[in-house]
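Participant: Take this structure, written in structure tokens, and hold onto it; I'll ask about it next.
Numbering (my numbering), first residue to last: 6 to 144.
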């Protein structure tokens, strides 16, 4: 089954496209979703039937992490246990690291960024990664 979930830009609804017939339906979700925001789209990723959303902008840049369980359709904000974490931003890029982590690159805060951060999905901790030269340009 192919499922596509869309968290509306600047809204708080989720739609699901089923497999055989293409139809949209608004899901009845539980929990506490992120505030309505834009520009988090590249900072979101799905792994192990859970959708993770980092940052975005709801009028202010964010650096929070939320998870959405695709089976139970429940949102929750993840409390990080790190003393360091990425600056609030939107338009970052992310990827899933097979070591149960999400890697975040760049984005925009008050300027374009080219830093790299790793969020461990088990311990809920952030660490900044050091990248060699030449660094990718800001984006």
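All C-beta atoms in this analysis are idealised placements derived from N, C-alpha and C, irrespective of residue type, glycine included.
#1: Give me the DSSP bridge partner(s) of residue 118.
#2: Might you give, ordered along the chain, the residues of its own chain that have their beta carbon closer than 7 Å to the beta carbon of residue 106, omitting 5 neighbours on each side?
#3: Evaluate the contact criterion for the region 89 to 97 versus the region 52 to 62: three or more CB pairs, one atom per stretch, below 8 Å.
#4: Helix, strand or coil: which one does DSSP assign to residue 34?
#5: In the structure shown, what three-state DSSP assignment does residue 95 receive?
Facilitator: Based on what the coordinates show:
#1: Taking the chain shown and counting its residues from 1, the one referred to as residue 118 is at position 113. Looking at the DSSP output, residue 118 shares a beta bridge with 112.
#2: Here residue 106 refers to the residue found at position 101 when the chain shown is read from its first residue. Excluding residues within five positions, the ones whose Cβ falls inside 7 Å are 123, 124, 125 and 126.
#3: Touching, yes, given that three or more Cβ pairs across the two stretches are closer than 8 Å.
#4: Here residue 34 is taken as the residue at index 29 of the chain shown, counted from 1. DSSP places residue 34 in coil when its eight states are reduced to three.
#5: By one-based count along the chain shown, residue 95 stands at place 90. Under the three-state reduction of DSSP, residue 95 is assigned to strand.
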